[in-house]
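With my numbering, the residue at position 55 of the sequence shown is 44, and numbering never jumps.
Each residue gets a CB set at the ideal place from its N, CA and C atoms; glycine is no exception.
Each remark here refers to the structure printed beneath this line.
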Amino acid sequence: MTQVRTTVRRARTAVRVLAPYGRPYRRHLIEGAVATVVLVAARLAFPWPLRGLMEIVFHQNLTARGGTVLGLVPHVGDPIIWLVGAFAVIVLVWGVSESLQRLAFTRYAVGLVRDVQAEALRRLPRAVKRGENAGDLISTVTSDASRVKTGAKSILIGMSRNGGFFLGVAVIVSLIDPLIGIVFLTGGLATVAAGAVGAWRSSMIIRRSREREGALTDDLHQFLSGTAELAKPAPQSRRADSKATRVEGLTTLAVHAILGTSTCTILVLTIQEGRSGALSSGSVFTILAYILLMHNKTVGLGRSIVRLGRVLPSAERIAKLTKKARHPSTKRVPTRTTAADGRQSPAHLAQDRNVEAGVSKYRQLGELDD
């Protein structure tokens, strides 16, 4: 439990440090949230026109619990045309909102990480003065920042759309039949718990791998500068990704097992209530359609949660660098100074100017990514 609490505390700290960099891009975050709501609504509406068509074919029993979709169709013209048209509109809205959501969240993630990376680059000279590992700094500013950007995009997109769809389906199924809704909600929460455990285990493995990656980058930096021989990579560094992948695979297997159990239970309850007349055939179709649609989405939700385990160590490392930049150490560390007046040497001043120029050029190039 101590390790779990430590991981949660590290995650909160990383979010608290990095979140302010996303404020200039809140508009993209809001646009993505609105697109997510529209996307989830389209997914939830997807089975209903098909249910109406089924009611026409099988002559829906209006006395059974669950009502009928045909009662909502205008009494003008052929109801089949109305239902097919509604289905086409839903599919169109689904596609447009999904594209807009992906674009908005991508712009938010790219902007946030770009500003974090630019701030880290600007503060690198101070970190070097504090005597921090040069290779670790290089790895943090480049590799970790890239991982955070890629992970943030996929997590924002996957967790918002799949999580929202799960909550919507849970509400609708509970309104149709409370018992089935409870079983569905229990299976979903168990899936989230399994994903959280997998994310924690994966983060423990990846965190050690990132530390070794920083050490290897430092060895490479010293080798290229001619100050040390290149050390042989440790065998553990090559096995870290395979271990994390194995944890993710086992977590996905657990998610499938949980969903399979809850799905089988829901199928039995739904068919029994349909046979007894407690549920209309339309309601049975709606529940079964949601269960089929939800399976892959819930697995995707579990995978998005597990993916946090890979992103969290990188977020912690770059947040640690930017946090140090906000609270520079007052400890005196030997730097390149002149013996006469203690000022920075021309070489160090040139380094500072080069970093500032690099940050300026980086920001200009970054604007093109939007």
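Residue range of the unbroken alpha helix (DSSP H) whose run includes residue i
i           : result
residue 84  : 68 to 111
residue 17  : 15 to 34
residue 361 : The question about residue 361 has no answer, for the chain in this structure spans -10 to 359.
Assigned exposure category for residue i - 16 Cβ within 10 Å defines buried
i           : result
residue 234 : exposed
residue 133 : buried
residue 136 : buried
residue 47  : exposed
residue 67  : exposed
residue -4  : buried
residue 236 : buried
residue 265 : exposed
residue 285 : exposed
residue 60  : exposed
residue 88  : exposed
residue 231 : exposed
residue 80  : exposed
Neighbourhood of residue i by C-beta, 8 Å cutoff - its chain only, sequence neighbours within 5 removed
i           : result
residue 26  : 153
residue 164 : 170
residue 299 : 136, 140, 191, 192, 195 and 233
residue 151 : 286, 287, 289, 290 and 293
residue -6  : none
residue 239 : 187
residue 181 : 290, 291 and 294
Cβ shell of residue i (< 6 Å), same chain only, five flanking positions each side left out
i           : result
residue 104 : 10
residue 97  : 14, 17 and 18
residue 83  : 31
residue 100 : 14
residue 439 : Limits of the chain in this structure are -10 at one end and 359 at the other, which puts residue 439 out of reach.
residue 20  : 93
Own chain residues within Cβ distance below 7 Å of residue i, not counting five before or after
i           : result
residue 177 : 155, 159 and 287
residue 185 : 294
residue -2  : none
Neighbour flag for residue i against chain D, beta carbons, 8 Å
i          : result
residue 74 : The question asks about chain D, but that chain is absent: this structure has only one protein chain.
(message) With three or more beta-carbon pairs closer than 8 Å as the criterion, would you say the region 1 to 13 touches the region 242 to 255?
(response) no
(request) Spell out a yes or no on whether the region 253 to 265 and the region 282 to 301 are touching, meaning 3 or more CB-CB pairs, one atom from each, closer than 8 Å. (result) no
(request) Could you tell me whether the region 270 to 278 touches the region 34 to 46, where touching means 3 or more Cβ pairs closer than 8 Å? (result) yes
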